[in-house]
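K.L.:
So the numbering used here is basically just the index in the sequence shown, starting at one, shifted up by 1451.
C-beta atoms are modelled at their ideal positions from N, C-alpha and C, and glycine is treated no differently.
What you are looking at is a predicted structure, and each value in this text was computed from that prediction instead of being measured.
Below is one structure. I have some questions about it.
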Amino acid sequence: MSRLDARGYRLLDEMGICVWQRRERVEHKEASPERSERLLIVTDEPLRGPTGELLDAMLAAIGLSRYRDVSIMEIDSTQAKFATLADNPAVMLALGHACAQALLQSEQALDALRGHRHDWGENNIPLYITLAPSYLLHEPEQKALAWQDLLALQQALRAMA
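Here it is, written out as structure tokens:
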């Protein structure tokens, strides 16, 4: 099997083709057995083109890769999907206001929801909220807020390692 470079992954992603790679399972002494060792990003928009490129850059800034370290779940407004699709990731990151409100069943503004950890679901999965990449493309001056959220996420992931 040939290895793809970043451009190859980006082109396949823009065509809507998922690339599957075999991963080695990493065991941590303190990890609970029912919790998978990964980050689940929840979004309500496709992460292709400039939006996907910005997400890739955001993840790279904290040492992660969308293709190696992250699972992504696109949602719609159907709340029932969350319980069945999000099977106990180590940490969750919600991109944007609609996702945050849906996951937390809250009517609060995004500014009130982002900036700190939430516990999600019966297993109290750490959930962090940040601005959607599509929003950041139109409001680049808000990237500093997203950076604060990513640093908090990075700290949480490091604490679990």
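What are the start and end residues of the alpha helix (DSSP H) that includes Pro-1501?
P.N.:
Per DSSP, Pro-1501 belongs to the alpha helix (DSSP H) from 1500 to 1512.
K.L.:
For Ile-1523, which residues from the same chain have a beta carbon less than 6 Å from its beta carbon, with the 5 sequence-adjacent residues on both sides left out?
P.N.:
Contacts found: Ile-1492.
K.L.:
Sort Met-1611, Gly-1500, Asp-1562 by Cα distance to Gln-1599 and report the nearest one.
P.N.:
Residue Asp-1562 is the option with its Cα nearest to Gln-1599.
K.L.:
As a quick exercise: from Ala-1603, Leu-1604, Thr-1581, Leu-1544, pick the residue whose alpha carbon is nearest that of Lys-1594.
P.N.:
Taking only the C-alpha atoms, the option nearest Lys-1594 is Thr-1581.
K.L.:
Could you check what DSSP says for Leu-1582 in three-state terms: helix, strand or coil?
P.N.:
Coil at Leu-1582, not helix or strand.
K.L.:
Counting C-beta neighbours from all protein chains within 10 Å, is the total for Ala-1551 16 or more, i.e. buried, or is it exposed?
P.N.:
When all chains shown are included, Ala-1551 counts as buried.
K.L.:
Three-state secondary structure (DSSP) at Pro-1577?
P.N.:
Correct three-state label for Pro-1577: strand.
K.L.:
Identify the continuous alpha helix (DSSP H) that holds Asp-1600 and give its terminal residues.
P.N.:
Looking at the DSSP string, the run of the alpha helix (DSSP H) that includes Asp-1600 is 1594 to 1611.
K.L.:
Going straight from the alpha carbon of Leu-1463 to that of Ala-1457, what length do you get?
P.N.:
Leu-1463 and Ala-1457: Cα-Cα distance of roughly 10 Å.
K.L.:
Measure from the alpha carbon of Leu-1604 to the alpha carbon of each residue in Glu-1592, His-1589, Leu-1578, then state which is nearest.
P.N.:
Checking every option, the nearest Cα to that of Leu-1604 belongs to Leu-1578.
K.L.:
Under three-state DSSP, which class holds Tyr-1561?
P.N.:
It is Leu, not Tyr, that sits at residue 1561 in the sequence shown. Leu-1561 falls in the helix class under three-state DSSP.
K.L.:
How about Leu-1505 and Leu-1601: are their beta carbons less than 9 Å apart?
P.N.:
Going by C-beta atoms, Leu-1505 is not nearer than 9 Å to Leu-1601.
K.L.:
What residue range does the beta strand (DSSP E) around Leu-1491 cover?
P.N.:
First-last of the beta strand (DSSP E) with Leu-1491: 1490 to 1494.
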